[in-house]
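Trainee: Order-wise, the sequence lines are chains A and B. Here our numbering is used: the first residue of the first sequence is 118, the next is one more, and so on. Here our numbering is used: the first residue of the second sequence is 12, the next is one more, and so on. Cβ atoms here follow ideal geometry from the backbone N, Cα and C, with glycine treated the same way. The structure that follows is given in the form of structure tokens.
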Amino acid sequence: MNTKKSKYETVVGLEVHVQLSTKTKIFCGCANGFGADPNTQVCPVCLGQPGSLPVLNRTAFESSIKVALAINCDVQEIVKFDRKNYYYPDLPKNYQISQFDMPIAYDGHLTVPGEDGSSRDIGITRAHLEEDAGKLIHDEKKPFSYVDLNRTGTPLLEIVSEPDIQSPGEAYQYLVILKHIIKYLDVSDCNMEEGSLRCDANISLRKRGDKELGSKVEIKNLNSFKAVRDALLYEEERQEDILSEGGRIEQETRLWDEKRGITSSMRSKEGAQDYRYFPDPDLVPFEVRSGLVETIRENLPELPVKKIERFAEQYKLDKKDIEVLVSERPIADFFEKVNTECNNPKVVSNWIQGEVMMHLKDKATNIEGLGLSAKALAVIIKLASGGTISGLAAKDVLNTHIDTGDDPEVIIKEQGLEQVSDEGELDVIVNKVIEVNEKSANDYRNGKVNALGFLVGQVMRESRGKANPKLAGDMLKKKLERK
Amino acid sequence: MGNKTKKKIITAEDVRYVAKLSRLSLDEDKIGKFQEQLDGILGYIAQLDEVNTDGVLPTTHVLSSMKNVFREDELRESLTTEAALKNAPEADEHFFKVPKII
Numbered sequence: 118m119n120t121k122k123s124k125y126e127t128v129v130g131l132e133v134h135v136q137l138s139t140k141t142k143i144f145c146g147c148a149n150g151f152g153a154d155p156n157t158q159v160c161p162v163c164l165g166q167p168g169s170l171p172v173l174n175r176t177a178f179e180s181s182i183k184v185a186l187a188i189n190c191d192v193q194e195i196v197k198f199d200r201k202n203y204y205y206p207d208l209p210k211n212y213q214i215s216q217f218d219m220p221i222a223y224d225g226h227l228t229v230p231g232e233d234g235s236s237r238d239i240g241i242t243r244a245h246l247e248e249d250a251g252k253l254i255h256d257e258k259k260p261f262s263y264v265d266l267n268r269t270g271t272p273l274l275e276i277v278s279e280p281d282i283q284s285p286g287e288a289y290q291y292l293v294i295l296k297h298i299i300k301y302l303d304v305s306d307c308n309m310e311e312g313s314l315r316c317d318a319n320i321s322l323r324k325r326g327d328k329e330l331g332s333k334v335e336i337k338n339l340n341s342f343k344a345v346r347d348a349l350l351y352e353e354e355r356q357e358d359i360l361s362e363g364g365r366i367e368q369e370t371r372l373w374d375e376k377r378g379i380t381s382s383m384r385s386k387e388g389a390q391d392y393r394y395f396p397d398p399d400l401v402p403f404e405v406r407s408g409l410v411e412t413i414r415e416n417l418p419e420l421p422v423k424k425i426e427r428f429a430e431q432y433k434l435d436k437k438d439i440e441v442l443v444s445e446r447p448i449a450d451f452f453e454k455v456n457t458e459c460n461n462p463k464v465v466s467n468w469i470q471g472e473v474m475m476h477l478k479d480k481a482t483n484i485e486g487l488g489l490s491a492k493a494l495a496v497i498i499k500l501a502s503g504g505t506i507s508g509l510a511a512k513d514v515l516n517t518h519i520d521t522g523d524d525p526e527v528i529i530k531e532q533g534l535e536q537v538s539d540e541g542e543l544d545v546i547v548n549k550v551i552e553v554n555e556k557s558a559n560d561y562r563n564g565k566v567n568a569l570g571f572l573v574g575q576v577m578r579e580s581r582g583k584a585n586p587k588l589a590g591d592m593l594k595k596k597l598e599r600k
Numbered sequence: 012m013g014n015k016t017k018k019k020i021i022t023a024e025d026v027r028y029v030a031k032l033s034r035l036s037l038d039e040d041k042i043g044k045f046q047e048q049l050d051g052i053l054g055y056i057a058q059l060d061e062v063n064t065d066g067v068l069p070t071t072h073v074l075s076s077m078k079n080v081f082r083e084d085e086l087r088e089s090l091t092t093e094a095a096l097k098n099a100p101e102a103d104e105h106f107f108k109v110p111k112i113i
């Protein structure tokens, strides 16, 4: 690893591709979705048939402006599309519609927290909109490859960072922050397994203090944030070994091999690729009026950094609690809705982080899919904190409510879960427990305070969880200390 | 064509390079011919360099008055797989087939 003592410093830049989750593709009305049967979401436009005309999807355009604003970029006034020419069968037109010199946005930054609690701004060079390519499937035994063009034309936003990132760990953090923001904007699933978020990394080393950048290596085939970090760690070490032995770094593209934990050289193409960009005559330019940008800006949701600050101030919760609550926007929204009903932030936070998240995990669903309304949870919390039901019973009520959808109050009545806080009713049970558990009772009388917990537990059991445990404890104490 | 200046815009090397980018195999004896032709075309276009364009905004599109052509994000019916694959030189039931590429 490149420790502080190393003679070299690491320079990393990341290119992130985000598939926008519009209903349809960027330039045609075919469905934009993952997992359909091959070549069922294609039309003359995305197949590149002669005579077809691409027309830009307004939502894709506006979604990219949203992202650009959220990562502090300057949205450009005039935006155009260009053809990037290359031959590869995943691209039926032999060019990709992309943006060359007039992209959606330039000059942004992301504030990325470091391990030591400080944070740094990582520059963002630009963000541009383009179409995704199709998918190739290779059959090892056969002399051909299969092409599925469903993905062709999926709107793709490419976000290019400045070479400002100084370590593999920082690259990882940058990705976490970027993904968090994009998820909040609700414009992409950011699902790396399904390829809706992809990342290539550029890394070079230079002597500490040098101004000039060293030769960079581009790493591809990074299928998770962890892979990005691991590949960069590997590459950092490999380059340092070469340099410290007086060697030279070859400028090339390398592939990350997850299983073996190494990068290896992709056969380098002769000369640099010449994409011969030129303006796409099929698409007229786009003028982004400042009114549109301002409207989009005003309608941006509260972003994670702001939300964290507000939660700390408004709800006085611990940093740890806040981190979990804001990890996903629907969870944060749910927390706030529940809390509006019962105004007890810490308790609501505990319920969400405990029971609710357990149910989400068990059912492998999200908060919308759980079938739990904020109101219902607030009712349960209020009944528990008001002493109508015990904490244990409250969990049962929640389980039943999630399974059946029945009203919490109805469940409590039907199952007779209402807590017994009536001394008269408890008296019989408490007496019985003392009688049956004579040994523990005597232990307590002889000064073994721990025995009380056991006895309270017995009261709870005897009352089938309905006894008010605090009351039961008080009554036991009174009775045992009397004699 | 007003190609009086003898300095060639296109070299033989350029012709080989463009042919390669276009995936065309070109016999050596054709290089001179294409060099001449491409040079003629570019020389013709180069006449535009003589026009004074001070104060003229760069044109990114011939339809200079037209901009912001959008479609709404609404689903339209796609082709059937059968129709999509119909003109492909090689295909099976579901996929286009191409010579193996890795």
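With DSSP collapsed to three states, give me the class of GLU357 of chain A.
Mentor: For this step, residue 357 of chain A is matched to residue 240 along the first sequence. GLU357 of chain A: helix per DSSP, three-state reduction.
Trainee: Compute the Euclidean distance between the alpha carbons of PHE144 of chain A and PRO167 of chain A, then round it to the nearest angstrom.
Mentor: Along the first sequence, one-based indexing puts residue 144 of chain A at 27. Along the first sequence, one-based indexing puts residue 167 of chain A at 50. Cα-Cα distance, rounded: 15 angstroms.
Trainee: Please identify, using Cβ separations under 8 angstroms, the residues of the stretch 143-171 of chain A that lie next to chain B, in order along the chain.
Mentor: Per Cβ criterion, the list reads CYS145, GLY146, CYS147, ALA148, ASP154, PRO155, ASN156, THR157, GLN158, VAL159, CYS160, PRO161, LEU164.
Trainee: Here's the rule: buried if 16 or more other CB atoms are within 10 angstroms of the residue's CB, otherwise exposed. What is ILE529 of chain A?
Mentor: Sequence index remark: in the first sequence, residue 529 of chain A carries index 412 (1-based). So ILE529 of chain A counts as buried.
Trainee: Measure from the alpha carbon of VAL401 of chain A to the alpha carbon of each residue in B:GLU47, B:MET77, B:ILE20, B:GLN48, then state which is nearest.
Mentor: Within the first sequence, residue 401 of chain A is the residue found at index 284, counting from 1. For the residues B:GLU47, B:MET77, B:ILE20, B:GLN48, the minimum Cα distance to VAL401 of chain A belongs to B:MET77.
Trainee: Flag VAL29 of chain B as yes if its beta-carbon sits less than 7 angstroms from any beta-carbon of chain A, otherwise no.
Mentor: If you number the second sequence from 1, residue 29 of chain B lands on position 18. No, VAL29 of chain B does not count as interfacial toward chain A.
Trainee: Do LYS454 of chain A and ALA491 of chain A have their beta-carbon atoms positioned less than 7 angstroms apart in this structure?
Mentor: The residue labelled residue 491 of chain A in the question sits at position 374 within the first sequence. The residue labelled residue 454 of chain A in the question sits at position 337 within the first sequence. The answer is yes: Cβ separation under 7 angstroms.
Trainee: Straight-line CA distance for GLN575 of chain A to CYS316 of chain A?
Mentor: Reading the first sequence from its first residue, position 458 is the one you call residue 575 of chain A. Reading the first sequence from its first residue, position 199 is the one you call residue 316 of chain A. C-alpha separation (whole angstroms): 58 angstroms.
Trainee: Any contact between the stretch 331-346 of chain A and the stretch 206-217 of chain A? By contact I mean 3 or more CB pairs, one from each, below 8 angstroms.
Mentor: Segments in contact, no.
Trainee: Mind checking ARG652 of chain A: buried by the 16 CB within 10 Å criterion, or exposed?
Mentor: Beyond the ends of chain A as shown, which are 118 and 600, falls residue 652 of chain A; an answer cannot be given.
Trainee: In chain B, which residues lie with their C-beta within 9 angstroms of the C-beta of LYS140 of chain A?
Mentor: Taking the first sequence and counting its residues from 1, the one referred to as residue 140 of chain A is at position 23. Under the 9 angstroms cutoff, chain B gives ASP84, GLU85, LEU86.
Trainee: Would you verify that the beta carbon of SER262 of chain A is, or is not, closer than 7 angstroms to some beta carbon of chain B?
Mentor: To locate residue 262 of chain A, count along the first sequence from 1; it is residue 145. By this cut-off, SER262 of chain A is an interface position.
Trainee: Can you say whether ASN63 of chain B is buried or exposed, counting buried as having 16 or more other CB atoms within 10 angstroms of its CB?
Mentor: Within the second sequence, residue 63 of chain B is the residue found at index 52, counting from 1. When all chains shown are included, ASN63 of chain B counts as exposed.
Trainee: Since ASP191 of chain A sits in a beta bridge, which residues does DSSP pair it with?
Mentor: Sequence index remark: in the first sequence, residue 191 of chain A carries index 74 (1-based). A:TYR223, per the DSSP bridge assignment.
Trainee: Look up CYS459 of chain A in the DSSP assignment and say whether it is helix, strand or coil.
Mentor: If you number the first sequence from 1, residue 459 of chain A lands on position 342. The answer is helix: DSSP assigns CYS459 of chain A an H, G or I state.
Trainee: Do PHE107 of chain B and ALA99 of chain B have their beta-carbon atoms positioned less than 7 angstroms apart in this structure?
Mentor: As a working note, residue 99 of chain B is residue 88 in the second sequence. As a working note, residue 107 of chain B is residue 96 in the second sequence. Yes; because the gap between Cβ atoms is below 7 angstroms, this pair is in contact.
Trainee: From what residue to what residue does the beta strand (DSSP E) around SER215 of chain A run?
Mentor: As a working mapping, residue 215 of chain A is identified with position 98 in the first sequence. Taken as a continuous stretch (DSSP letters only), the beta strand (DSSP E) holding SER215 of chain A covers 212-215.
Trainee: Residues in its own chain within less than 8 angstroms of TYR291 of chain A by CB, not counting five upstream and five downstream?
Mentor: The residue you call residue 291 of chain A lines up with position 174 of the first sequence. Cβ within range, chain order: LEU131, LEU227, VAL229, ILE239, SER278, ILE282.
Trainee: When you check each C-beta in the stretch 212-230 of chain A against every C-beta of chain B, which residues fall closer than 9 angstroms?
Mentor: Answer in chain order: MET219.
Trainee: Short check: CB of LEU273 of chain A to CB of ALA318 of chain A, under 7 angstroms?
Mentor: Counted from its first residue, the first sequence places residue 273 of chain A at position 156. Counted from its first residue, the first sequence places residue 318 of chain A at position 201. Not closer than 7 angstroms, so no.
Trainee: Who are the Cβ neighbours of THR505 of chain A in its own chain at under 7 angstroms, not counting the five residues just before and after it?
Mentor: Counting from 1 along the first sequence, the entry for residue 505 of chain A is found at position 388. Cβ within range, chain order: GLU535, GLN536.
Trainee: Given that THR176 of chain A touches chain B, what residues does it touch there, using C-beta distances under 8 angstroms?
Mentor: The sequence position of residue 176 of chain A within the first sequence is 59, counting from 1. In chain order: GLU83, ASP84.
Trainee: Beta-carbon separation of ILE298 of chain A and LEU420 of chain A under 7 angstroms?
Mentor: By one-based count along the first sequence, residue 298 of chain A stands at place 181. By one-based count along the first sequence, residue 420 of chain A stands at place 303. Yes, the Cβ-Cβ distance between ILE298 of chain A and LEU420 of chain A is below 7 angstroms.
Trainee: Report yes if the C-beta distance between SER138 of chain A and SER305 of chain A is below 7 angstroms; otherwise report no.
Mentor: Residue mapping note: residue 138 of chain A aligns to position 21 of the first sequence, counting from 1. Residue mapping note: residue 305 of chain A aligns to position 188 of the first sequence, counting from 1. Yes, these two residues count as a Cβ contact at 7 angstroms.
Trainee: In angstroms with no decimal places, state the Cα-to-Cα distance between LEU170 of chain A and ASP199 of chain A.
Mentor: Counted from its first residue, the first sequence places residue 170 of chain A at position 53. Counted from its first residue, the first sequence places residue 199 of chain A at position 82. Looking at the two C-alpha atoms, the distance is approximately 14 angstroms.
Trainee: Using the C-alpha atoms, what's the distance from ALA589 of chain A back to VAL133 of chain A?
Mentor: Here residue 133 of chain A refers to the residue found at position 16 of the first sequence. Here residue 589 of chain A refers to the residue found at position 472 of the first sequence. So the two alpha carbons sit approximately 60 angstroms from each other.
Trainee: Does the Cβ of ALA511 of chain A have 16 or more other Cβ atoms within 10 Å, making it buried, or fewer, making it exposed?
Mentor: Position 394 of the first sequence, counted from the start, is the residue given in the question as residue 511 of chain A. Buried: at least 16 other Cβ atoms inside 10 Å.
Trainee: Taking only three categories from DSSP, how would you classify LEU314 of chain A?
Mentor: Within the first sequence, the letter at position 197 stands for residue 314 of chain A. Three-state DSSP puts LEU314 of chain A in a strand.
Trainee: Taking beta-carbon pairs under 7 angstroms, can you tell me which members of the stretch 401-420 of chain A lie near chain B?
Mentor: So the close ones are VAL401, PRO402, PHE403, GLU404.
Trainee: Using the rule of at least 16 other Cβ atoms within 10 Å of the residue's Cβ for burial, across every protein chain shown, is ASN567 of chain A buried or exposed?
Mentor: In the first sequence, the residue the question calls residue 567 of chain A occupies position 450. Exposed, by the Cβ-count rule.
Trainee: Determine the burial state of PRO462 of chain A: buried for a count of at least 16 other Cβ atoms within 10 Å of its Cβ, exposed for fewer.
Mentor: In the first sequence, residue 462 of chain A corresponds to position 345, counting from 1. Result: buried.
Trainee: Does PRO272 of chain A come within less than 7 angstroms of chain B when only Cβ atoms are used?
Mentor: The sequence position of residue 272 of chain A within the first sequence is 155, counting from 1. Taking Cβ atoms only, chain B never reaches closer than 7 angstroms to PRO272 of chain A, which makes this a no.
Trainee: Quick check on this structure: which residue in A:ASP520, A:HIS245, A:ASN516 has the alpha carbon closest to the alpha carbon of GLU179 of chain A?
Mentor: Position 62 of the first sequence holds residue 179 of chain A. Answer by Cα proximity: A:HIS245.
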